[in-house]
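Structure first, commentary second.
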Amino acid sequence: MNLSLPIRPRRNRVSENVRSMVRENSLSLSDLIMPLFVIDGENNKQPVESMPGIDRLSPDLIVEKCRELAELSIPAVVLFPALEDSKKDPLATESTNENGLYQRTLRSVKEAVPNLTLITDVAMDPYSSDGHDGVVNEKGEIVNDETLPILAAMAVSQAKAGADIIAPSDMMDGRVGVIREALDAEGFTHVGIMAYSAKYASAYYGPFRDALDSAPKHGDKKTYQMDPANVREAVREALLDIDEGADMVMVKPGLPYLDVIRAVSEVSDVPVAVYNVSGEYAMAKAAGLKGWIDYQKVVLETMLGFKRAGADMILTYHAQEVATWLNS
Ligand code: PBG
Numbered sequence: 289m290n291l292s293l294p295i296r297p298r299r300n301r302v303s304e305n306v307r308s309m310v311r312e313n314s315l316s317l318s319d320l321i322m323p324l325f326v327i328d329g330e331n332n333k334q335p336v337e338s339m340p341g342i343d344r345l346s347p348d349l350i351v352e353k354c355r356e357l358a359e360l361s362i363p364a365v366v367l368f369p370a371l372e373d374s375k376k377d378p379l380a381t382e383s384t385n386e387n388g389l390y391q392r393t394l395r396s397v398k399e400a401v402p403n404l405t406l407i408t409d410v411a412m413d414p415y416s417s418d419g420h421d422g423v424v425n426e427k428g429e430i431v432n433d434e435t436l437p438i439l440a441a442m443a444v445s446q447a448k449a450g451a452d453i454i455a456p457s458d459m460m461d462g463r464v465g466v467i468r469e470a471l472d473a474e475g476f477t478h479v480g481i482m483a484y485s486a487k488y489a490s491a492y493y494g495p496f497r498d499a500l501d502s503a504p505k506h507g508d509k510k511t512y513q514m515d516p517a518n519v520r521e522a523v524r525e526a527l528l529d530i531d532e533g534a535d536m537v538m539v540k541p542g543l544p545y546l547d548v549i550r551a552v553s554e555v556s557d558v559p560v561a562v563y564n565v566s567g568e569y570a571m572a573k574a575a576g577l578k579g580w581i582d583y584q585k586v587v588l589e590t591m592l593g594f595k596r597a598g599a600d601m602i603l604t605y606h607a608q609e610v611a612t613w614l615n616s
């Protein structure tokens, strides 16, 4: 038996100093993007039952929350509106209402916290009486090309209200190009596009749909969101979006799709974001509250996993907690 092993990888783990010197990836505050849910009213705060620690907030409380996040050095938020049923219709007309809940909120946040980057969501589902991301025809099909002008108008309306980056999450074909053209035509050449390029038809969105009451009223989203079995298709979607003018691409969900982040980051010449979605948050939170895992350590390890896989940015409901830990 040879007792003097030629190779001893443990030497590089011998102390925290050495470990920190050889560390390949790191997590920083500038990696974090916090999603927020907006509801109407004043001083109105509704907990999302399936996401302990996360509330739907009225515009005044969203402004307060955004101040806190900016003070923690979180660079960006992404906003989602939770609308009453009476505001929803088949063509999502409320989505372009200049005085709608979403646009009002964007204006107040931009005014109160101008240095916080505002990312807005483009898709029909929060405004659609069908609960789908696109227009539904009489046969119940989600029709692509009829949806595109609605998405483009939504993007322009959000840019007018103060959006810095538009994030189309609808998965219609060709929407990035159409949105880019519409933004440019209205003079919003400086407004970026973060494309949800590889967005899977995932069961992990459940708590989000509870938060917005946006679950599809019939059918599922499998004709537009991707099949969880595929990775080559994700690369194709990302390259198409980049070709159409996306400034950043996204993979969603996160944890079950680390290989997809890796594949996309290897071919992408624009930054890659990952969305650590509502179901992922709910699982970690629930196990943490039960005392079954060390919540802080598990969350930080998860975030680092996204960085190691190749993500440049992480949309996560843990963002505020993570920022608090990183700051202390
Ligand atoms: C819809 C949208 C969804 C999410 C973000 N935008 C849900 C869906 O496609 O049904 C999910 C985010 C999450 O689960 O945290 N356009």
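One rule links them: number in our numbering = place in the sequence shown (from 1) + 288. The beta carbon of each residue, even a glycine, is placed where N, CA and C say it ideally should be.
Check                                                                                                : Outcome
Cβ-heavy atom distance, A411 to the ligand PBG, below 7 Å                                            : yes
For Y488, the residue or residues it bridges with in DSSP                                            : M514
Pair within 8 Å by beta-carbon distance, L577 and W613                                               : no
Residues near V519 by beta carbon distance below 7 Å, same chain, minus five either side             : D547, V548 and A551
Counted within 10 angstroms of its Cβ, other Cβ atoms place L471 as buried (16 or more) or exposed   : buried
8 Å Cβ cutoff met for T435 and M460                                                                  : yes
Nearest to R395 (by Cα), restricted to the options C354, G533, D433 and H420                         : C354
Endpoints, the alpha helix (DSSP H) within which W529 is located                                     : As written in the sequence, residue 529 is Asp, which differs from the Trp given in the question. It spans R520 to E532 - the alpha helix (DSSP H) in which D529 sits, taken as one unbroken run.
8 Å contact criterion, which V586 and V560 should meet: CB distance rounded                          : So it is not a contact: roughly 23 Å between Cβ atoms.
Cβ neighbours of Q391 in the same chain (closer than 8 Å, five flanking residues each side left out) : N385, S445, Q446, K448 and A449
Residue burial classification, I295 (beta-carbon count within 10 angstroms, cutoff 16)               : exposed
Cβ-Cβ distance between P347 and T405 below 8 Å                                                       : no
Contact set for E532: own chain, Cβ-Cβ below 6 Å, skip 5 residues either direction                   : V464 and G465
The alpha helix (DSSP H) enclosing Y545, as first and last residue numbers                           : Element bounds for Y545: n/a, residue is neither H nor E.
Contacting residues, own chain, Cβ-Cβ under 8 Å from V558 (five flanking each side not counted)      : I530, A534, D535, M536 and V537
Residue from K375, L371, A486 and S553 with nearest C-alpha to R596                                  : S553
Cα-Cα separation between M571 and A599, rounded to whole angstroms                                   : 21 Å
Cross-strand partners of L324 (DSSP beta bridge)                                                     : L367
Residues sharing a beta bridge with N332, DSSP                                                       : In DSSP, N332 forms no bridge with anything.
Neighbourhood of V431 by C-beta, 6 Å cutoff - its chain only, sequence neighbours within 5 removed   : V423 and N425
Contact under 8 Å by Cβ, L357 with K333                                                              : no
Same chain only: Cβ atoms within 6 Å of A441, ignoring 5 sequence neighbours per side                : T384
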